[in-house]
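A.B. asks: In the UniProt record's numbering, the protein residues as written are 1 to 166.
A virtual CB, placed ideally from N, CA and C, is assigned to each residue, including glycine.
Here the structure is a predicted model, which means the values were calculated and not measured.
Could you have a look at this structure, given as structure tokens, before my questions?
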């Protein structure tokens, strides 16, 4: 009987160690994100971030560190937004429309955020070409505070590709 208990105990311990190892491998590569309602600039409510996948293409969801000086958000916060522009892209936008390489984007306008923040809409009519290490990040909703306000992010600030779970 003691032999059976010992074997069972060893099997349970090895199983737990194996599961713990798998969990450590998973969380070394992936993390979860749950934006609050106030931060909602995307329609999804839960994301998984692959910290090893930094091969960003236009249209990808991207997690990144906000390393900008800004009066509305603290430097160093983590955001998830859509990569609307990648290196070399020409971005032209105003409060009501946005073009990427002269093709109109379906991104929501920024009038709501401009009015909420009491900003001058004329200051948000711009045209830029992204440098080799720059990405232009936008949200999907009228509440999004994104690159149209604070400019492109640098490649070194990317944490990884994000995937909406629900």
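#1: Considering only C-alpha positions, which residue in the set 77, 102 and 67 is nearest to residue 84?
#2: Could you please give the first and the last residue of the uninterrupted beta strand (DSSP E) stretch that includes residue 147?
#3: Since residue 114 is in the beta strand (DSSP E), which residue starts that stretch and which ends it?
#4: Based on Cα-Cα distance, which residue from 160, 99 and 68 lies nearest to residue 56?
#5: Using 10 angstroms around the beta-carbon of residue 157, count the other beta-carbons present and answer buried if the total reaches 16, otherwise exposed.
#6: Would you report the Cα separation of residue 121 and residue 114, rounded to the nearest angstrom?
#7: In terms of residue numbering, what span does the beta strand (DSSP E) encompassing residue 171 cover?
#8: In three-state DSSP terms, what is residue 48?
#9: As a quick exercise: from 74, 63 and 7, pick the residue whose alpha carbon is nearest that of residue 136.
#10: Tell me, please, which residues DSSP counts as bridged to residue 134.
#11: Report buried or exposed for residue 148, applying the criterion of at least 16 other Cβ atoms within 10 angstroms of its Cβ.
#12: Between residue 134 and residue 154, how many whole angstroms is the CB-CB distance? I'm expecting something under 8 Å.
#13: When DSSP labels each residue in this structure, what does residue 143 get in the three-state scheme?
#14: Ignore the nearest five residues each way along the sequence and tell me which others in residue 112's own chain have a CB closer than 8 Å to its CB.
#15: For residue 123, name the three-state secondary structure that DSSP assigns.
#16: Three-state secondary structure (DSSP) at residue 92?
C.D. replies: Once the coordinates are examined:
#1: 102
#2: Unbroken run through residue 147 is the alpha helix (DSSP H), 147-150; no beta strand (DSSP E).
#3: Element bounds for residue 114: not the beta strand (DSSP E) but the alpha helix (DSSP H), 111-116.
#4: 160
#5: buried
#6: 7 Å
#7: Residue coverage of the chain in this structure runs from 1 to 166, which leaves residue 171 outside it and unanswerable.
#8: strand
#9: 63
#10: 154
#11: buried
#12: 6 Å
#13: coil
#14: 142 and 143
#15: helix
#16: strand
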